[in-house]
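What follows is one structure encoded as structure tokens, with my remarks underneath.
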Amino acid sequence: MILRKRYSSVLFAALFMAACENGPKNDTTGDSGTSAPSGPDMNVPAVMGYNIVEQYPHDTKAFTEGLEYIDGVLYESVGRYGRSDIRKVDAVTGKVLQQTKMEDRYFGEGLTVMNGKIYQLTYREGKGFVYDLATMKKVSTFDFPTQEGWGMTNNGTHLIFSDGSNKLYFMDPASMKVVKQLSVTDEQGPVNRINELELINGYIYANQWQADLILKIDTTTGRVTARADLSTIRMQGGIPPNANDEEAPETMNGIAYDAKGNRIFVTGKNWPKMFVVKLDN
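Start counting the sequence shown at 74; every next residue gets the next number (the working numbering).
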């Protein structure tokens, strides 16, 4: 079981070191003992650079778990027990325009908007909620089969969600049944801790928990085709590093795409800013 994805940066460091030590090694010799020819690995993800285009205010009490941009506003799912809600937020001012609080026993997770409805996961409760987009009132609930709910997006036909592993699940919104699974991999193998999701121009863009990375994922093969390292966005935005303080800015999480304006919004848990970025994608 993965420990809750916000207080375990020490765990992440240990896992990262273990992965480096135990990951696949390249065999550079053939049967004859001579060096094998080397060349570019076509499976190695491309590097996506980024530029900050705009910086807007963001609620420092918002433990962001889901983010989506629709018609000039952001829809955000905020986590933590006793503090979870979904909210409609002015993208420029950061002002909360509309809000629906959740029962204290639920931890809000990924969120997506499709066909006039907001779909939201919970963390370990196995329940999802459906809200009317206009009123933000809860209209129904659904069950999902994974032990945890993390990120969520959609492709216009299916709801797509993650559970902290390297799996992406495609769910039929009519039956709420999982109809497809996709394994996310890169040149090293499975890519775990897939978190908040956004579909952009046919690819899934994903945060990787506690890595300050955005991964570009092929929706057919599951391959990570490109990575963007946004670790320097903290320094540029004046955001301090992770600290052992649950009220301080935590890991980067939250991707939203404005298709009309061709803009990508990114933020983090308890971050004071929402960034509009340009990715070299």
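For each residue, glycine too, the CB sits at the ideal point set by N, CA and C.
Alpha-carbon to alpha-carbon, residue j and residue i
{"i": "residue 240", "j": "residue 328", "result": "19 Å"}
{"i": "residue 257", "j": "residue 215", "result": "25 Å"}
{"i": "residue 305", "j": "residue 297", "result": "21 Å"}
{"i": "residue 255", "j": "residue 344", "result": "31 Å"}
{"i": "residue 270", "j": "residue 138", "result": "10 Å"}
{"i": "residue 317", "j": "residue 130", "result": "23 Å"}
{"i": "residue 324", "j": "residue 161", "result": "22 Å"}
{"i": "residue 276", "j": "residue 117", "result": "17 Å"}
{"i": "residue 338", "j": "residue 119", "result": "21 Å"}
{"i": "residue 303", "j": "residue 335", "result": "19 Å"}
Min CB distance residue i to chain D below 8 Å
{"i": "residue 254", "result": "Of the protein chains in this structure there is only one, and it is not chain D."}
Residue i, buried or exposed, once every other Cβ within 10 Å from all chains shown has been counted against 16
{"i": "residue 333", "result": "exposed"}
{"i": "residue 145", "result": "exposed"}
{"i": "residue 322", "result": "buried"}
{"i": "residue 178", "result": "exposed"}
{"i": "residue 154", "result": "exposed"}
{"i": "residue 346", "result": "buried"}
{"i": "residue 340", "result": "buried"}
{"i": "residue 264", "result": "buried"}
{"i": "residue 350", "result": "buried"}
{"i": "residue 266", "result": "buried"}
Own chain residues within Cβ distance below 6 Å of residue i, not counting five before or after
{"i": "residue 143", "result": "186"}
{"i": "residue 228", "result": "272"}
{"i": "residue 389", "result": "Because residue 389 is not part of the residues shown, which for the chain are 74 to 354, the question remains open."}
Cut-off 8 Å between Cβ atoms - residues of its own chain near residue i, not counting five sequence neighbours on either side
{"i": "residue 244", "result": "217, 231, 232, 233, 234, 250, 251, 252"}
{"i": "residue 312", "result": "306, 322, 341, 344, 345, 346"}
{"i": "residue 156", "result": "134, 136"}
Residue i beta carbon near the ligand GTP (any heavy atom closer than 7 Å)
{"i": "residue 246", "result": "Of the ligands one can find in the structure shown there are none, so the ligand GTP has no counterpart to examine."}
7 Å Cβ shell around residue i - same chain, five flanking residues per side excluded
{"i": "residue 213", "result": "203"}
DSSP beta-bridge partners of residue i
{"i": "residue 216", "result": "200"}
{"i": "residue 253", "result": "243"}
Query raised in the report: For the stretch 282-323, which segments carrying the alpha helix (DSSP H) assignment without a break, of at least 4 residues, lie completely within its bounds, in sequence order?
Result: 306-310
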